[in-house]
Each structure stands twice: as structure tokens, then as C-alpha cells.
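Heads up, my numbering is the position in the sequence shown plus 13, with the first residue counted as 1. The block underneath contains the structure these notes are about, expressed in C-alpha cells.
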Amino acid sequence: MSIVTDVIAELNAEREKIWLECPQEIVDMGKGIIPRRTGTHGQYLSTLMFAESEARTLSDEVLWGIIEASETRTLDLATLQALVDQIVGYKAAFFDFVGMPVAGGFVARYVEAANAATSVEEFLEVTRAAISYVNKVHMWVDAVFPWGVTNGFKRVSA
Numbered sequence: 014m015s016i017v018t019d020v021i022a023e024l025n026a027e028r029e030k031i032w033l034e035c036p037q038e039i040v041d042m043g044k045g046i047i048p049r050r051t052g053t054h055g056q057y058l059s060t061l062m063f064a065e066s067e068a069r070t071l072s073d074e075v076l077w078g079i080i081e082a083s084e085t086r087t088l089d090l091a092t093l094q095a096l097v098d099q100i101v102g103y104k105a106a107f108f109d110f111v112g113m114p115v116a117g118g119f120v121a122r123y124v125e126a127a128n129a130a131t132s133v134e135e136f137l138e139v140t141r142a143a144i145s146y147v148n149k150v151h152m153w154v155d156a157v158f159p160w161g162v163t164n165g166f167k168r169v170s171a
């Protein structure tokens, strides 16, 4: 098996594992247990905000856009790989920073596999597995986010 095939299997297995059960690192994050102690002045709300926005943008914008661009067949494999390496590689490190080192590790594995792909089709296969996994991570981050706190920030008429 190739690294691409291995990573597709890893991402799919992890997605299935977390389908109905929130990953422990996200449960912990929702309780303020942040391995890197990220957050200012002893709070972790900003860390949750960053985790939510990073997960959302990775799935809804970055990976979705990469899939769309890949399917147009106007970008070559090397260009797609460079985009993943630069943008998604950063996101993997940021996942770790905000308290999701396991998820960050899976995203880093995706980057490794995407860079090892030998065709756009293979690249698309591993990217589709990655977006499916990251979408589920994002859903769980949304589930632990304290949305009620936003009631303290109601808009006022201009």
C-alpha cells in the first residue's frame, strides 16, 4: 500500500470512530483543558473561538476550494500540492496550538499524503477523505462551543 492509501484508511477510520462520540481532546477543550494552555488572561474562550474558526475554514473553505480547483483540471498536481503544503500545513500546526493535537496530527498526515500523491485523481481521493474527517471535527467543536455566552453581545440599533 502507498502512503496515500494508508492515510485515506486512517482518516476514514478516525471519522467513523468520532462519528457518534466526541473526541476526548474536544471534550477537554470544551471544559477548558487546553494542553498548551492557549488563551489570554487565564481564559480559554478565545481558544475555542480560534478552534471553531480554524476547523470551519479548513473544511468549508480551504479543502472545499482545493477540491473544486482540482476538479476543474486547470491546476496541475504540483500547484495543488504546494497549496496544501502551505495552507493546510499551517492549519495542522494551529489545530495543535488550540488544543487538538490528535486532529492536528491527522491533518498533518493528510498533508504528507497529498504531497505524495502521483496524480490529481489520487490527490482528490485523499483530499475527499480529509474534508470528510475535518467536517466531523468541526461539528464536534461547534457542539462544545458555549454559544450561550454570545447572548451578552446583542446588536444595538445604529
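Note that CB positions come from ideal geometry on N, CA and C, so glycine has one too.
Taking C-beta atoms under 8 Å as the contact rule, residue 20 and residue 139 qualify, at a distance of about 6 Å.
Around the beta carbon of residue 83, 16 or more other beta carbons sit within 10 angstroms, so the residue counts as buried.
Per DSSP, reduced to three states, the secondary structure at residue 94 is helical. From the listed residues 29, 27, 25, 63, the smallest Cα separation to residue 43 is found for 63. For residue 128, the enclosing alpha helix (DSSP H) covers residues 114-129.
The residues 97, 98, 101, 102, 105, in chain order, have a CB closer than 7 Å to that of residue 124 in the same chain once the five nearest residues on each side in sequence are set aside. Within its own chain, the residues whose Cβ lies closer than 7 Å to the Cβ of residue 154, once the five positions on either side in sequence are excluded, are 39, 64, 65, 68, listed in chain order.
Taking the Cα positions, residue 161 is about 44 Å away from residue 87.
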